[in-house]
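Colleague: Please see the structure below; I have some questions.
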Amino acid sequence: MDNKLQAKDLINVGIFTALYYVIMFAGAMLGYIPVLFILIPLYMPIITGIPFMLFLTKVKKFGMVTIMSLLLGLIMFATGHTWVPIMTGAICGILADLIFKAGKYQSLKHSVIGYGIFSIWIMGAMLPLWIMRDSYIAYIRNSMGDEYTNAVLALTPDWVAFVVIGAAFAAGIVGAFFGKAVLKKHFQRAGIL
């Protein structure tokens, strides 16, 4: 099997990145409610599990998931987020790619765990709440107002960061199984068992 990325692979990455982002953007609109903003890493990997697991039926080469996660991080940055989603996208994408490769792109177990790891990338949008708190809170206050900001502050003591990272991983596991159940025939055709 040729391990170099071909134009067809990059087209698949582009199509599935766009699909994933559109679904993610629609789901993120719930973040206008403060408690749902904090829960984005819990529900987002579940609703994006279907397009991502469909993408995995097309992934047979190392780097495709990393490119997708970097593109998602860059889109987040271009739409007003900090640089952190680019970093989390790179780290989670490479780790997920390594897991998928270890399963030779055919292992359901590796696909589920890999998606769990990949799903942590979304924390890049939220980590500034803890790692650059003052400037990020000022940004939220300017764009969303005092009431919203105070609600977010009340919901995000330091220890919540660890809970939310764990929740993103767990939601990725759930999203992977959900996506696999919906796409059962695609998984069979792709030989992912």
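Under my numbering, read the sequence shown as residues 19 to 211, first letter to last. Idealized CB from N, CA, C, for every residue including glycine. This structure is a prediction, so every number in the text was calculated from the model and none was measured.
Helix, strand or coil for Val77, going by three-state DSSP, please let me know.
Modeller: coil
Colleague: Taking the alpha-carbon of Val130 as reference, which of Ile68, Ile158, Val181 has the nearest alpha-carbon?
Modeller: Ile68
Colleague: Taking the alpha helix (DSSP H) that Lys122 belongs to, which residues open and close that run?
Modeller: Segment: none, Lys122 is in no alpha helix (DSSP H) and carries neither H nor E.
Colleague: If distances are taken between C-alpha atoms only, which option among Leu113, Leu74, Asn168 comes closest to Leu147?
Modeller: Of Leu113, Leu74, Asn168, the smallest CA-CA separation from Leu147 is found for Asn168.
Colleague: Val170: which of Lys202, Tyr154, Ile138 sits nearest, CA to CA?
Modeller: Across the set Lys202, Tyr154, Ile138, the C-alpha of Tyr154 shows the shortest separation from the C-alpha of Val170.
Colleague: Assign Leu217 to one of three DSSP states: helix, strand, or coil.
Modeller: Coverage of the chain is limited to positions 19 through 211, which leaves residue 217 absent and any answer about it impossible.
Colleague: Going along the chain, which residues of its own chain have a beta-carbon closer than 8 angstroms to the beta-carbon of Phe43, five neighbours each way excluded?
Modeller: none
Colleague: Rounded to whole angstroms, what is the Cα-Cα separation between Val192 and Ala156?
Modeller: 34 angstroms
Colleague: Between the Cα of Leu201 and the Cα atoms of Ile29, Gly32, Ile93, Leu126, which residue gives the shortest distance?
Modeller: Leu126
Colleague: I'd like the list of long-range same chain contacts for Gly98, defined as Cβ closer than 6 angstroms, with 5 residues on each side in sequence excluded.
Modeller: Once the five neighbours on either side are set aside, Gly98 has no close Cβ partner at all.
Colleague: Count the other C-beta atoms from every protein chain shown that fall within 10 angstroms of the C-beta of Ile117, then say buried if there are 16 or more, exposed otherwise.
Modeller: Classified as buried, Ile117 has 16 or more neighbouring CB atoms from the shown chains inside 10 Å of its CB.
Colleague: Helix, strand or coil for Ile104, going by three-state DSSP, please let me know.
Modeller: helix
Colleague: Checking 7 angstroms against the spacing of the C-beta atoms, do Pro59 and Val182 come in under that value?
Modeller: yes
Colleague: Can you find the residues in the same chain that come closer than 7 angstroms, C-beta to C-beta, to Leu89, ignoring five residues on each side of it along the sequence?
Modeller: Thr35
Colleague: Using a Cβ-Cβ cut-off of 6 angstroms (strictly less than) and excluding sequence neighbours within five positions of Gly190, which residues of its own chain qualify?
Modeller: Pro63, Tyr133, Gly134, Ser137
Colleague: Let me make sure I understand the geometry here. Which of Gly184, Ala185, Leu37 has the alpha-carbon closest to that of Ser87?
Modeller: Leu37
Colleague: Applying the 10 Å Cβ sphere with the 16-neighbour rule, what's the burial state of Gly111?
Modeller: buried
Colleague: Quick test of your reading: Val102 and Gly45, contact by CB under 8 angstroms. State the CB separation rounded to the nearest angstrom.
Modeller: Not really, about 19 angstroms apart at Cβ, beyond 8 angstroms.
Colleague: Buried or exposed for Asn30, going by 16 or more other Cβ atoms inside 10 Å?
Modeller: buried
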